[in-house]
Amino acid sequence: MNDAFYDTVIIGAGMVGSALASLLSRSGFSVALVEAREPQSFDAEADVGLRVSAVSPGSAAVLNQAGAWKSISAQRCRPYRRMQVEDGVELEPLLFDAPVFHLERLGTIIENTLVQWCLWQAVSTGGMVDVYCPDGLADIEFGPDKNRVKLSSGKFLTADLVVGADGAASRVRKVIGIRQDYRAYNQHGLVAVVGKQKPNPGVAWQRFMPGGPLAFLPLADGRSSIVWTRPSIEAERLLALDGDAFLAELDTASSGWLGRVEDCGPRAAFPLSMRLSESYAAQRTVLIGDAAHVVHPLAGQGVNLGFADAAALTEALIGARLAHRDIGSVGVLQRYDRWRRAESEAMAFGMHALRSLFDGDGLFPLRRLGLALVKRSWAVKDLFLQRAAGLGKQAPKLATGATLQDLMCG
Ligand SMILES: Cc1cc2nc3c(=O)[nH]c(=O)nc-3n(C[C@H](O)[C@H](O)[C@H](O)COP(=O)(O)OP(=O)(O)OC[C@H]3O[C@@H](n4cnc5c(N)ncnc54)[C@H](O)[C@@H]3O)c2cc1C
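For the sequence shown, the residue numbers in our numbering are 40 to 449.
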């Protein structure tokens with residue numbers, strides 16, 4: 040069978056892989072996108088899905104350049120302008136308000152299926168990306184000038200650069216032999232859509248408690264999507280409770296916030312871990328998104344880091360092309376590797392430290408000190424928010440408002 044030739048072959052069309060495929064094809068690169076399962080179509084008539092993401096302003100700018108933001112923001116999503124953090128014991132809530140930091144919003148809560156579907160539409164209908172779906176990665180032959188990807192279907196794709204966007208259990212990472220620092224938290228994130236007595240006024244609320252935080256993220260219809268981090272055994276118990284018993288426990292855990300819990304849809308729970316790949320690039324292959332790093336979801340940063348990876352890689356490849364350099368060369372990939380690994384590790388260890396600080400009762404004085412410091416210091420708050428908004432000093436240009444056109448003009 041004859042090989043098909045591309046600049047890049049991307050394995051995995053989750054939110055991150057699809058965003059990268061769209062950005063690269065719009066920048067003039069030839070792209071093959073390989074995905075095991077066709078994404079679920081978004082049904083606006085169906086109830087809100089269980090998986091939602093807090094999408095930062097930086098990520099929204101990236102999705103805009105990927106051609107998906109217009110269709111995403113025209114559907115049900117909810118911007119939030121305030122973040123409220125408390126510990127449910129004695130600290131006054133810590134408030135972050137968008138206007139104070141000269142932001143129009145702190146982020147937008149969007150269902151994952153909506154993001155993925157709009158990106159999938161952007162890549163599969165434009166005719167600029169060759170989509171191989173359903174198909175998967177069988178093997179990669181690494182070469183000095185090109186890599187040759189063998190698909191499960193038996194097809195061969197040859198490319199200057201292979202991208203692993205195939206999630207936490209990345210096969211690309213295994214084939215290339217990159218090791219990971221893996222820490223299981225022995226916690227699950229329990230998710231559900233919940234209605235309270237009063238509608239959510241557009242606030243991302245989080246209460247830190249022993250065992251893990253409980254977050255209420257605002258939805259378009261006034262309900263909230265919750266992420267309740269619990270020790271795994273406890274999450275199992277909460278999942279098994281009948282509806283009324285669960286509502287009663289959630290009511291106690293979120294007491295004082297928007298009145299009683301009145302209704303709750305289906306529940307699901309996901310195991311939580313931190314995974315950091317020791318390198319994001321080797322042998323004409325790079326890792327992006329969860330394939331490269333998995334962070335605790337307590338600050339809702341996982342997919343935002345992934346979109347920043349996609350934007351940074353696009354910037355690095357456009358730069359290489361303008362300089363007439365090979366896009367799979369060591370120098371080009373090392374730039375991406377250093378840039379994104381530093382950012383993701385800072386975020387992952389930050390989340391890890393925050394999680395540890397609130398995990399037990401023993402460190403209560405330290406926790407109070409930490410929160411009091413953040414509360415008093417505008418500079419610390421600003422730094423935290425800039426990072427959370429995806430607009431920190433190291434943010435890719437596409438996250439800060441630059442267009443693909445700007446990058447291509449150098
Ligand atoms: C409870 C919870 C709440 C979260 N909340 C937030 C939040 O608010 N904000 C935020 O930023 N992040 C959040 N996250 C993290 C976020 O969900 C992930 O970071 C994000 O989904 C990762 O996207 P991805 O595209 O990198 O990977 P994935 O979504 O895992 O996509 C990988 C894709 O690759 C495909 N694939 C896999 N293997 C192969 C193969 N061999 N061949 C072909 N295709 C393959 C899969 O089918 C899939 O489509 C949360 C996570 C959890 C658990």
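Glycine included, each C-beta is placed from N, C-alpha and C at the ideal position.
These figures come from a predicted structure and were not determined experimentally.
Cβ-heavy atom distance, residue i to ligand 1, below 7 Å
| i | result |
| --- | --- |
| A75 | yes |
| F309 | yes |
| A60 | no |
| P435 | no |
| A52 | yes |
| I176 | For the sequence presented, residue 176 should be read as Leu rather than Ile. Yes, ligand 1 has a heavy atom inside 7 Å of this Cβ. |
| D329 | yes |
| A83 | no |
| Q340 | yes |
| N343 | yes |
| V233 | no |
| N151 | yes |
| A207 | yes |
| A204 | yes |
| G216 | no |
| R210 | yes |
| G431 | no |
| P336 | yes |
| S13 | In the structure displayed, the chain extends from 40 to 449; residue 13 sits before or after that span and is not available. |
| G304 | no |
| G228 | yes |
| V266 | yes |
| V55 | yes |
Length of the line joining the Cα atoms of residue i and residue j
| i | j | result |
| --- | --- | --- |
| V48 | G440 | 27 Å |
| S69 | L326 | 18 Å |
| G401 | L286 | Because the pLDDT at G401 is just 49, under 50, the model does not fix this residue reliably, and the value given afterwards should be weighed accordingly. The straight-line gap from Cα to Cα measures roughly 29 Å. |
| F44 | M447 | 23 Å |
| A428 | A355 | 22 Å |
| G298 | G241 | 15 Å |
| G234 | D302 | 5 Å |
| F255 | Q160 | 30 Å |
| D26 | W108 | Since the displayed the chain opens at 40 and closes at 449, residue 26 lies outside it and no answer follows. |
| V170 | L422 | 40 Å |
| A351 | Q444 | 15 Å |
| S57 | A208 | 18 Å |
| L337 | E74 | 28 Å |
| L430 | R269 | 30 Å |
| E131 | R374 | 43 Å |
| N463 | R306 | Absent from the model: residue 463. The displayed extent of the chain is 40 to 449, so no value can be given. |
| A223 | S316 | 14 Å |
| G503 | A243 | Outside the displayed span of the chain (40 to 449) sits residue 503, for which this structure offers no information. |
| G193 | F346 | 30 Å |
| Q104 | P310 | 32 Å |
| G261 | P118 | 12 Å |
| H227 | L253 | 12 Å |
| V342 | V101 | 12 Å |
| T324 | A71 | 14 Å |
| V369 | S110 | 37 Å |
| A83 | D184 | 46 Å |
| P435 | L153 | 24 Å |
| S395 | S271 | 16 Å |
| I366 | S64 | 14 Å |
| T442 | A359 | 17 Å |
| T353 | L437 | 9 Å |
| D42 | R210 | 21 Å |
| G106 | D348 | 17 Å |
| A385 | D205 | 22 Å |
| R379 | C172 | 28 Å |
| F135 | M122 | 5 Å |
| V19 | L278 | Missing from the structure shown is residue 19; the chain here goes from 40 to 449 and no further. |
8 Å Cβ cutoff, residue i in contact with chain D
| i | result |
| --- | --- |
| L372 | In the displayed structure, chain D is absent; only one protein chain is listed. |
- Task: Count the C-beta pairs between the stretch 186-205 and the stretch 135-147 that are closer than 8 Å, then say yes if the count reaches three, no if not.
- Result: Three or more Cβ pairs closer than 8 Å define a contact, and the stretch 186-205 falls short of that threshold against the stretch 135-147.
- Message: Ignoring anything shorter than 3 residues, give me the beta strand (DSSP E) runs that lie fully in the stretch 92-129, in order along the chain.
- Response: Counting only runs of 3 or more, we get 116-119 and 121-125.
- Item | contact_flag[the stretch 314-331, the stretch 209-229] where n(CB pairs < 8 Å) is 3 or more | These segments touch.
- Task: Write down every uninterrupted run of the beta strand (DSSP E) in the stretch 174-204 whose length is 3 residues or greater and which is fully enclosed by it, in chain order.
- Result: Fully enclosed beta strand (DSSP E) runs of 3 or longer: 176-181, 186-190 and 195-203.
- Message: Please give the ranges of any alpha helix (DSSP H) in the stretch 234-299, keeping only runs that are unbroken, at least 4 residues long and fully inside the region.
- Response: Correct list: 271-279 and 282-292.
- Inspect the CB distances between the stretch 146-163 and the stretch 85-102 and report whether three or more fall short of 8 Å. Yes, since at least three Cβ pairs between the stretch 146-163 and the stretch 85-102 fall closer than 8 Å, the two stretches touch.
- Query: At what residue ranges does the stretch 315-350 contain a whole run of the beta strand (DSSP E), taking only runs of 3 or more?
  - Reply: Listed in chain order, they are 324-326.
- Mind listing, in chain order, the continuous alpha helix (DSSP H) runs of no fewer than 4 residues lying wholly within the stretch 209-234? Those alpha helix (DSSP H) runs which fall completely within the stretch 209-234 and span 4+ residues are 210-215.
- Task: Could I get the ranges of all uninterrupted beta strand (DSSP E) runs contained in the stretch 40-86, with 3 residues as the minimum, in chain order?
- Result: The beta strand (DSSP E) runs lying completely inside the stretch 40-86 and spanning 3 residues or more are 43-50 and 70-73, given in chain order.
- Tell me the start and end of each unbroken alpha helix (DSSP H) in the stretch 350-374 that is at least 4 residues and wholly inside, in chain order. The stretch 350-374 is shown to contain no whole alpha helix (DSSP H) run of 4 or more residues.
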